[in-house]
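> Supplied in structure tokens, the structure appears directly below.
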Amino acid sequence: MDELQLLDRYLLIGALLFGIGLVGFLSRRNMIVMFLAAEMMLQGVSLSLVAWGRFHNDWGGQMLVIFILTVAACEAGIALALVLMLYHRSGKLDIAFWQTLREANQPRYVDQQLPDEPIQPEHWPSLPTAGVEPRQPVEELIHRSHV
Amino acid sequence: MSNLETLMVLVPALPLAACLITALLGAAVLKERSHWPVIAGIVGSFVCSLFLLFDVLDMVREQRGQTSVGVEHVVTLWTWADISDAYQAGGANGAPRPFDIAVTLRADPLTAVMLSMVTFISSLVAIYSVGYMRGDRGYWRFFCYVALFVFSMTMLVSVSNFALLYVFWEAVGLCSYLLIGFWYEKPSAAAAGKKAFLVTRVGDFGFAIGLFLIWTTYGTLNFHDVGADGSVITNAQPNEAATGRPQGPGLPGEVSIRGVLGQSRLVLPDQAGYVGGAVGVAICLCLLAGACGKSAQFPLHVWLPDAMEGPSPVSALIHAATMVTAGVYMFTRVTPLLVAAPEARVSVAVVGCFTALLAGIIALTQDDLKRVLAYSTISQLGYMFLGVGVGTLAGIVAGMFHLFTHAFFKSLLFLSAGSVMHAMGNTADMRRFSGLRRIMPWTCLTFLAGCLALSGVVPFAGFWSKDAILAAAHEGGAGYHETYQVLYYAGLFTALLTAIYTFRGFFLTFYGETRVPPEAGHHAHEAPPVMLVPLVILAVCALVVGAVNWEFSWPFGADALYHFLLATPSLAYAAVPHVAHEAGGLHFEVQAVSTITALTGIGIAAFLYLGDRRQVAALTRWTSSIYGLRLYQLSYGKFFFDGIYSVLVVWPLWFLALFSYWFDRWIVDGLVNLLGKLPVAVGSMLRSLQNGMVQFYALAMVLGLLVLVGTILMWPAM
């Protein structure tokens, strides 16, 4: 396999990684998944840099990748902290929840309303009333499960 | 400064100082004492005018017997505007002419007479106003305006420059506007002030064009000659000055700017210094337009009757005695120009006589006492124009003489009417009161004196002056003899009308059963002494002031004023046509006819308004059957000039204003607003892009990137 073919394949894989990351970033609304997609785009770029560095027999590409890794690490630290804070505020990981920075007087974008689930009439076994209704544990009711 | 020059400056300066003091201190400090500085200023000004008059008299006496040398004294205070090469005579190659407006005051017989008359009437009116305006909210404002008016009027008659004449011509108009609209909360008064201001502005437009023509024709606006070193030359001798090089004792070199009414131009033989023909006529007609506006002559007379909305002392001072006579004064001043343009001169006479007749007819039927007097003023001003328009020295001096006497008896009539209004709770409608001679006997007497003078009954003042005018018209000027004969008979008929309407007003007001309108309350009373004293003084003047024209020597002649005014340079040299009859002398045949006319008029008024009701009713029926009620309606409706002007002038202008407003509001403003709204509209379209969604922004970035990359790839040259 000659150098040019090798470069082609690396570049193809890099482009695929970048494209997948891009599509993921644009289409997924979970902030963590979006973050992962962004990382994937970075890796795609890194891969093509490495490939070009190899092709040109130059360390510059690899050096830049090291930089990208470092920056990505910092970014991960900050981004995950931000995601955590946003989650604490809203209880949601949905990026569409945060539209606060839109122009004044612009309507809020609302998801297509999902039809409510039909309320099924519940049928309980009918028993003659006996004894006392058991109390629900309060802590259980008000507890909000964290991730 | 010599003694005379000090007086010349003091005459206008004292009222100006009074005006400033009242304006600065009136509201806060002086309040109910605001009249003191003003009365002091005006009376001081009157005293100065008297001294000035005596000085001028002495100068005239000294020069009597010499060959027609005019008496004038000019003092230059400062130069207002000074442009060294304002006008290139004869195109670009001609010599540049300097344009300067020197603030100059002059003293000559004409000015001295006008100054004495103006300040005397003003003093009396100011004193009268103390009683009339007592308790008014704008007390200090009133006296401030009056002082400003006296300043402007004294300046108007004493400046020696057409530009300054125009300035003070406008200044008296401003004072008139301020004082007509003095009770500005009253809508009719505010409207009357506006009307007066706008109507006179029409005439002033013509006046301004006349001044432009004078400037382009004569190259200067000065009345007097100016020497090469800028000094005023006032003592040209006829013989040397004909060469343009006066060599009188102590005179500086040659005349560098030959004033319009300067002696060096006047003494040129055969009117050589004056431009006749079309230009001369155009100048005089433009000046006539200005005079028509200010003196309320025929096409522009409509403002004066409405001006009676102002306080009565204002009507007496400004709209009867002084300001409205500015047109007559101006024509007397520019006599040489009139003489050079005979067509313009005869139009002045025709306009004056027509106005006199028209206003006389209107005055016959008006209900408002002050309005009758206003039309009477217009009519008498028409007489003065007639006199000036005759163009002979006798006519011009008669016009000035009538101006002089008219100021006394007409201000007397207005002040008496003001006294009536004061007692009747500010109503002057003669249908609502009558028989006031029992309530206010003194006012009745003074009013009667004014009426007799106005009607021209021997020996009251109006008799002498009106007869002088009629006699001058009877003798006629140079040319247009038939025209002047027609004007003479029209004037005679107007004299009859004058007697009728004057005594109609007198009988309706002071005779008949005693009726008092409810506004007067229970205390309809004679005026207080502070108002009565000026009335009595003026009444005595109305009786005796005709005597200023008497020559107290044998043979008895009535031409003293004539000889005095003849020493004014523009009259002395004007080469005004003399007529065979001794100008200014007594004219027994004319006087006899006019006296009979006046007495007939009084008789008719007495029969109509005091006589047997049944006979009057029969007469009314008879006259109605002849010409119907139309003529009465015409007169009562003032010949519907207001309506005609409304349709012809006011409405078109109003529609134009409405259209302009609409155009400005919706087209001009609309364009500006459209430009303002454009960014907003674009912004509102783009605003929806800023929806705050991260992924939308990311998508936009990707699309933008795709577009850029795509462009780069597709661009052939890249």
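If you're matching them up, the sequences are chains A and B in order.
For the first sequence, the numbering used here assigns the number 1 to the initial residue and increments by one for each residue that follows.
For the second sequence, the numbering used here assigns the number 148 to the initial residue and increments by one for each residue that follows.
Cβ atoms here follow ideal geometry from the backbone N, Cα and C, with glycine treated the same way.
Quick caveat: nothing in here was measured; it's all calculated off a predicted structure.
Check the Cβ-Cβ distances between F25 (chain A) and every residue of chain B, and say whether any is below 8 Å.
If you number the first sequence from 1, residue 25 (chain A) lands on position 25. Yes, because at least one Cβ of chain B sits closer than 8 Å to the Cβ of F25 (chain A).
> Mind listing the chain B neighbours of E103 (chain A)? Cutoff is C-beta to C-beta under 7 Å, in chain order.
Start at 1 with the first residue of the first sequence, and residue 103 (chain A) comes out as number 103. By Cβ distance, chain B contributes R834, Q837.
> Beta strand (DSSP E) containing D372 (chain B): first to last residue?
For this step, residue 372 (chain B) is matched to residue 225 along the second sequence. Start and end: 372 to 374.
> Using the three-state DSSP reduction, which class does R253 (chain B) fall into: helix, strand or coil?
If you number the second sequence from 1, residue 253 (chain B) lands on position 106. Three-state result, R253 (chain B): strand.
> Do you know whose CA, among B:A463, B:W316, B:E622, B:A294, lies nearest I168 (chain B)'s CA?
Position 21 of the second sequence holds residue 168 (chain B). Out of B:A463, B:W316, B:E622, B:A294, B:A294 has the C-alpha closest to the C-alpha of I168 (chain B).
> For L846 (chain B), return the contacting residues in chain A, with the cut-off set at a CB-CB distance below 9 Å.
Stepping through the second sequence from its first residue, residue 846 (chain B) is reached at position 699. What L846 (chain B) touches in chain A: L26.
> If you draw a straight line from the C-alpha of I791 (chain B) to the C-alpha of G320 (chain B), how long is it?
Here residue 791 (chain B) is taken as the residue at index 644 of the second sequence, counted from 1. Here residue 320 (chain B) is taken as the residue at index 173 of the second sequence, counted from 1. Counting only the Cα atoms, G320 (chain B) lies some 24 Å from I791 (chain B).
> Mind listing, in chain order, the continuous alpha helix (DSSP H) runs of no fewer than 4 residues lying wholly within the region 463 to 541 of chain B?
473 to 480, 482 to 487, 489 to 510, 516 to 537
> Can you list the residues of chain A that V841 (chain B) reaches, using a CB-CB cut of under 7 Å?
Within the second sequence, the letter at position 694 stands for residue 841 (chain B). Neighbours of V841 (chain B) in chain A, taken as residues whose beta carbon is under 7 Å from its own, are I95 in chain order.
> Per DSSP, I230 (chain B) is paired with what?
Position 83 of the second sequence holds residue 230 (chain B). In DSSP, I230 (chain B) forms a bridge with B:F246.
> Within its chain, find whatever has a CB closer than 6 Å to the CB of S276 (chain B); leave out the 5 residues flanking it on each side and keep chain order.
Residue numbering aside, residue 276 (chain B) sits at position 129 when the second sequence is read from its first letter. These residues qualify, in order along the chain: P460.
> For Y109 (chain A), which residues in chain B fall below 9 Å Cβ to Cβ?
Sequence index remark: in the first sequence, residue 109 (chain A) carries index 109 (1-based). Near Y109 (chain A) (Cβ distances below 9 Å), the residues of chain B are N838, G839, M840, F843.
> Can you tell me where the alpha helix (DSSP H) with T858 (chain B) in it begins and where it stops?
As a working mapping, residue 858 (chain B) is identified with position 711 in the second sequence. T858 (chain B) -> alpha helix (DSSP H) spans 841 to 861.
> Tell me the DSSP secondary structure of L408 (chain B) in three-state form.
Here residue 408 (chain B) refers to the residue found at position 261 of the second sequence. DSSP places L408 (chain B) in coil when its eight states are reduced to three.
> For chain B, is any of its Cβ atoms less than 8 Å away from the one on L42 (chain A)?
To locate residue 42 (chain A), count along the first sequence from 1; it is residue 42. No, L42 (chain A) lies away from the interface with chain B (no Cβ there is under 8 Å from its Cβ).
> Give a yes or no on whether the minimum CB-CB distance between V22 (chain A) and chain B is below 8 Å.
On the first sequence, position 22 is the one that residue 22 (chain A) refers to. Reading the sequence as shown, one finds Leu at residue 22 (chain A) and not Val. Chain B contact via Cβ: present.
> For chain A, find out if any of its Cβ atoms is closer than 8 Å to the Cβ of V346 (chain B); answer yes or no.
On the second sequence, residue 346 (chain B) is found 199 positions in, with the first residue counted as 1. Closer than 8 Å: no.
> Note down, in chain order, every chain A residue with its Cβ under 8 Å from the Cβ of V849 (chain B).
Residue numbering aside, residue 849 (chain B) sits at position 702 when the second sequence is read from its first letter. Chain A residues near V849 (chain B): L22, L26.
> By how many angstroms is the C-alpha of L639 (chain B) removed from the C-alpha of V726 (chain B)?
Indexing the second sequence from 1 puts residue 726 (chain B) at position 579. Indexing the second sequence from 1 puts residue 639 (chain B) at position 492. Residue confidence for V726 (chain B) is low, a pLDDT of 46 falling below 50, so the modelled location carries little weight and cannot support an answer.
> Taking all protein chains shown into account, do 16 or more other C-beta atoms lie within 10 angstroms of the C-beta of T539 (chain B), making it buried, or fewer, making it exposed?
For the purposes of this step, residue 539 (chain B) is taken as residue 392 along the second sequence, with counting starting at 1. T539 (chain B) should be labelled buried.
> Straight-line CA distance for L271 (chain B) to P256 (chain B)?
Along the second sequence, read from residue 1 onward, the residue named residue 271 (chain B) stands at position 124. Along the second sequence, read from residue 1 onward, the residue named residue 256 (chain B) stands at position 109. L271 (chain B) and P256 (chain B): Cα-Cα distance of roughly 23 Å.
> Give me the Cβ distance between L757 (chain B) and F654 (chain B), rounded to the nearest whole Å; I'm assuming they're in contact under 8 Å.
Locating residue 757 (chain B) in the second sequence gives position 610, counting from the first residue. Locating residue 654 (chain B) in the second sequence gives position 507, counting from the first residue. Right, their Cβ atoms sit about 6 Å apart.
> For T100 (chain A), go through chain B and note every residue whose CB falls closer than 7 Å to its CB, in chain order.
Taking the first residue of the first sequence as 1, we reach residue 100 (chain A) at position 100. Within 7 Å Cβ-Cβ: G839.
> How should G282 (chain B) be labelled, buried or exposed, when 16 other C-beta atoms within 10 angstroms of its C-beta is the threshold for buried?
Numbered from its first residue, the second sequence carries residue 282 (chain B) at position 135. Counting Cβ neighbours within 10 Å, G282 (chain B) comes out exposed, since fewer than 16 surround it.
> How would you write the range of the alpha helix (DSSP H) that K342 (chain B) sits in, first residue to last?
Working through the second sequence from its first residue, we reach residue 342 (chain B) at position 195. That run of the alpha helix (DSSP H) goes 334 to 365.
> Using a cut-off of 8 Å between C-beta atoms, extract the partners of Q106 (chain A) located in chain B.
Translated into the one-based positions of the first sequence, residue 106 (chain A) becomes position 106. Under the 8 Å cutoff, chain B gives R834, S835, Q837, N838, G839.
> How about G693 (chain B) and F610 (chain B): do their beta carbons lie closer than 8 Å?
Within the second sequence, residue 693 (chain B) is the residue found at index 546, counting from 1. Within the second sequence, residue 610 (chain B) is the residue found at index 463, counting from 1. Contact: yes.
> Taking C-alpha atoms, which residue in B:F193, B:A318, B:H371 lies nearest to L252 (chain B)?
Residue numbering aside, residue 252 (chain B) sits at position 105 when the second sequence is read from its first letter. Of the listed residues, the one whose Cα sits closest to L252 (chain B) is B:H371.
> Under 8 Å by Cβ, that's how I've got I32 (chain A) and V83 (chain A) pegged, so tell me the actual separation to the nearest angstrom.
Numbered from its first residue, the first sequence carries residue 32 (chain A) at position 32. Numbered from its first residue, the first sequence carries residue 83 (chain A) at position 83. Right, their Cβ atoms sit about 6 Å apart.
> Output yes or no for whether 8 Å exceeds the beta carbon distance between F329 (chain B) and G457 (chain B).
Numbered from its first residue, the second sequence carries residue 329 (chain B) at position 182. Numbered from its first residue, the second sequence carries residue 457 (chain B) at position 310. Going by C-beta atoms, F329 (chain B) is nearer than 8 Å to G457 (chain B).
> Smallest Cα separation from E490 (chain B): which of B:V537, B:G529, B:L516?
As a working mapping, residue 490 (chain B) is identified with position 343 in the second sequence. Out of B:V537, B:G529, B:L516, the CA that lies nearest to the CA of E490 (chain B) is found in B:V537.
> With three or more beta-carbon pairs closer than 8 Å as the criterion, would you say the region 426 to 436 of chain B touches the region 339 to 354 of chain B?
yes
> Which ranges does the alpha helix (DSSP H) cover as unbroken runs of at least 4 residues, wholly within the region 415 to 443 of chain B, from first to last along the chain?
424 to 441
> Which of the three DSSP states, helix, strand or coil, is assigned to R662 (chain B)?
Translated into positions along the second sequence, residue 662 (chain B) becomes position 515. In this structure, R662 (chain B) counts as strand in the three-state DSSP scheme.
> DSSP beta-bridge partners for V379 (chain B)?
Within the second sequence, numbered from 1, the residue matching residue 379 (chain B) stands at position 232. Bridge pairing for V379 (chain B): B:V373 [DSSP].
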